[in-house]
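Student: My questions will all concern the structure given below.
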Amino acid sequence: MKTLNLQKLLHALIVAQEHSLLAASKKLHITQSALTRSIQSLEDELSIKIFRRKSTGIELTAEGQIIINKASELLSQAGELYADARALSSGARSVLLFGMDPVTADIFLTDTLMDVVKHSNLMQVQVKVESRSTLMSLLQDHSIDFFVADITDFSNIDMRDIHLTQLRQIRGSFYVRQGHPLSNNTKVPLQQIYEYHILTPTNVHESTWESLRWNSIDDEAWQRKRQIVCPNIQSLKEITRRTNAIFATADLNVSTEFETGEFLRIDHQVANHGDLRTLGILSLKASNLSIHSQQVMTDIIEKIRGNNS
Numbered sequence: 135m136k137t138l139n140l141q142k143l144l145h146a147l148i149v150a151q152e153h154s155l156l157a158a159s160k161k162l163h164i165t166q167s168a169l170t171r172s173i174q175s176l177e178d179e180l181s182i183k184i185f186r187r188k189s190t191g192i193e194l195t196a197e198g199q200i201i202i203n204k205a206s207e208l209l210s211q212a213g214e215l216y217a218d219a220r221a222l223s224s225g226a227r228s229v230l231l232f233g234m235d236p237v238t239a240d241i242f243l244t245d246t247l248m249d250v251v252k253h254s255n256l257m258q259v260q261v262k263v264e265s266r267s268t269l270m271s272l273l274q275d276h277s278i279d280f281f282v283a284d285i286t287d288f289s290n291i292d293m294r295d296i297h298l299t300q301l302r303q304i305r306g307s308f309y310v311r312q313g314h315p316l317s318n319n320t321k322v323p324l325q326q327i328y329e330y331h332i333l334t335p336t337n338v339h340e341s342t343w344e345s346l347r348w349n350s351i352d353d354e355a356w357q358r359k360r361q362i363v364c365p366n367i368q369s370l371k372e373i374t375r376r377t378n379a380i381f382a383t384a385d386l387n388v389s390t391e392f393e394t395g396e397f398l399r400i401d402h403q404v405a406n407h408g409d410l411r412t413l414g415i416l417s418l419k420a421s422n423l424s425i426h427s428q429q430v431m432t433d434i435i436e437k438i439r440g441n442n443s
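See the structure below:
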């Protein structure tokens with residue numbers, strides 16, 4: 135199959151715009167005879183008469199109008215492709231801003247940034263590690279390009295102007311150290327769990343904590359729930375090791391500690407799979423993401439979906 139010469143298409147497009155070979159040749163900075171040969175060659179290749187001469191200049195044939203419309207689209211796409219390739223190779227327009235909630239960042243952020251260092255020419259990457267509600271506000275203010283977070287508690291109103299790609303589900307559990315008073319108990323009720331400080335890397339169950347923050351499970355027993363919210367998961371792990379506090383987080387955050395037996399999962403039954411959370415990557419529907427943002431988003435999607443063990 136023959137390939138079209140973009141330069142000849144450009145010549146034809148300029149002639150169509152100028153309605154004159156002379157004017158078009160001046161705009162293209164080539165001789166009129168060279169332009170005539172280029173147009174003739176293109177017509178021969180396509181077996182279509184693109185232009186016809188008139189006393190007032192040159193005009194498109196009906197078939198030529200179709201060809202020029204297609205040529206305009208093709209040249210525009212070629213220009214975008216060239217600009218994107220140049221941006222990738224040179225690092226132009228290379229500021230990337232994105233966010234992750236603490237649970238997701240602890241699991242996936244390091245590998246994501248390592249890929250950026252190894253394979254990207256980005257000049258600057260800024261990462262916000264915040265609660266999902268804060269990340270949503272930053273996205274809506276155009277302060278970040280996209281973010282990855284637990285999306286379970288977002289409402290339809292929250293997601294109204296958001297483009298969402300669901301990634302995978304993770305399980306949230308309660309973890310304690312070896313020797314914790316609840317470590318050997320079976321079917322531990324929530325009342326016993328909430329007798330201890332609860333450590334969370336973000337408000338893992340924001341809707342649940344809103345109702346529990348000031349009231350006990352027993353409505354007649356008024357008692358503030360003791361919760362420590364901190365985005366630094368390593369700090370929360372260390373507190374779990376040294377105290378009787380209970381760590382509420384995703385299983386993936388403590389997979390190593392669980393496998394070695396350092397942390398134990400409390401035997402607590404959650405009805406209707408309420409301990410399953412959904413991760414997603416979110417951007418604004420109206421945003422025009424840079425090729426760098428799109429590339430990093432694609433890498434994150436593949437990484438999170440691929441790590442589904």
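For the sequence shown, this note's numbering assigns the number 135 to the initial residue and increments by one for each residue that follows.
Ideal Cβ positions, reconstructed from N, Cα and C, are used throughout, including at glycine.
From a predicted model like this one, the values you see are computed outputs, not experimental measurements.
At 3 residues or longer, and completely inside the segment 229 to 271: list those beta strand (DSSP E) runs for me, N to C.
Tutor: Here the runs fully enclosed are 229 to 234 and 258 to 263.
Student: Quick check on the DSSP output: the alpha helix (DSSP H) that includes residue 158 runs from which residue to which?
Tutor: Residue 158 -> alpha helix (DSSP H) spans 155 to 162.
Student: Since residue 383 sits in a beta bridge, which residues does DSSP pair it with?
Tutor: Paired residues: 307.
Student: Let me know the secondary structure DSSP gives residue 342 once reduced to three states.
Tutor: Per-residue confidence for residue 342 stands at a pLDDT of 48, beneath the threshold of 50, marking its modelled position as unreliable; no derived number is given.
Student: Check the C-beta distance from residue 166 over to residue 156 and give it rounded, since I have them as a contact under 8 angstroms.
Tutor: Confirmed, Cβ separation roughly 6 angstroms.
Student: From what residue to what residue does the alpha helix (DSSP H) around residue 149 run?
Tutor: Start and end: 140 to 152.
Student: Touching or not, the segment 362 to 370 and the segment 297 to 309, by the rule of three or more beta carbon pairs under 8 angstroms?
Tutor: No: fewer than three Cβ pairs fall under 8 angstroms.
Student: At which residues does the beta strand (DSSP E) containing residue 288 begin and terminate?
Tutor: Note, residue 288: premise wrong, no beta strand (DSSP E); not H, not E.
Student: Where does residue 347 sit, in a helix, a strand or coil, going by DSSP?
Tutor: Because residue 347 carries a pLDDT of 45, less than 50, the predicted location of this residue cannot be relied on, and no value is offered for it.
Student: Return helix, strand or coil for residue 181, following the three-state DSSP convention.
Tutor: Looking at residue 181 - three-state DSSP - the assignment turns out to be coil, as it is neither helix nor strand.
Student: Using the Cα positions of residue 181 and residue 138, report the straight-line distance between them to the nearest angstrom.
Tutor: If I take the Cα positions, the gap works out to 13 angstroms.
Student: By how many angstroms is the C-alpha of residue 301 removed from the C-alpha of residue 437?
Tutor: In a straight line, the C-alpha of residue 437 is about 10 angstroms away from that of residue 301.
Student: Does DSSP put residue 312 in a helix, in a strand, or in coil?
Tutor: Here residue 312 sits in coil by DSSP.
Student: Less than 8 angstroms between the CB atoms is what I'm expecting for residue 381 and residue 324, so what's the real figure, rounded?
Tutor: Not really, about 16 angstroms apart at Cβ, beyond 8 angstroms.
Student: Does residue 420 come out as helix, strand or coil in the three-state DSSP assignment?
Tutor: Three-state DSSP puts residue 420 in coil, outside helix and strand.
Student: Distance, Cα to Cα, residue 398 vs residue 392?
Tutor: Near 6 angstroms, if we compare the C-alpha coordinates of residue 392 and residue 398.
Student: State the start and end residues of the unbroken alpha helix (DSSP H) segment that holds residue 440.
Tutor: Taken as a continuous stretch (DSSP letters only), the alpha helix (DSSP H) holding residue 440 covers 425 to 440.
Student: Using DSSP with H/G/I as helix, E/B as strand and the rest coil, what is residue 321?
Tutor: Reduced to three states, the DSSP call for residue 321 is coil.
Student: In the DSSP assignment, find the alpha helix (DSSP H) that holds residue 396 and state where it starts and stops.
Tutor: Unbroken run through residue 396: none, as it is neither H nor E.
Student: Hey, residue 385 and residue 265: beta-carbon distance below 8 angstroms or not?
Tutor: Not closer than 8 angstroms, so no.
Student: How about residue 288 and residue 233: are their beta carbons less than 8 angstroms apart?
Tutor: No, the Cβ-Cβ distance between residue 288 and residue 233 is not below 8 angstroms.
Student: Is the Cβ-Cβ distance between residue 322 and residue 401 less than 8 angstroms?
Tutor: The answer is yes: Cβ separation under 8 angstroms.
Student: For residue 177, does the count of other Cβ atoms within 10 angstroms reach 16, so buried, or fall short, so exposed?
Tutor: Flag for residue 177 reads buried.
Student: Distance check for residue 375 and residue 318, CA to CA, integer angstroms please.
Tutor: Cα to Cα, residue 318 sits roughly 16 angstroms from residue 375.
Student: Would DSSP call residue 200 helix, strand or coil?
Tutor: Correct three-state label for residue 200: helix.
Student: Is it buried or exposed, residue 173, if we count other Cβ atoms within 10 angstroms and call 16 or more buried?
Tutor: Buried: at least 16 other Cβ atoms inside 10 Å.
Student: Between which two residues does the alpha helix (DSSP H) carrying residue 372 extend?
Tutor: From DSSP, the alpha helix (DSSP H) with residue 372 extends over 367 to 376.
Student: Given a threshold of 16 other Cβ atoms within 10 Å of its Cβ, counted over all protein chains shown, does residue 286 qualify as buried or as exposed?
Tutor: Buried, by the Cβ-count rule.
Student: With distances taken Cα to Cα, identify the nearest neighbour of residue 314 among 305, 304, 326 and 303.
Tutor: The residue with the shortest Cα to Cα distance from residue 314 is 326.
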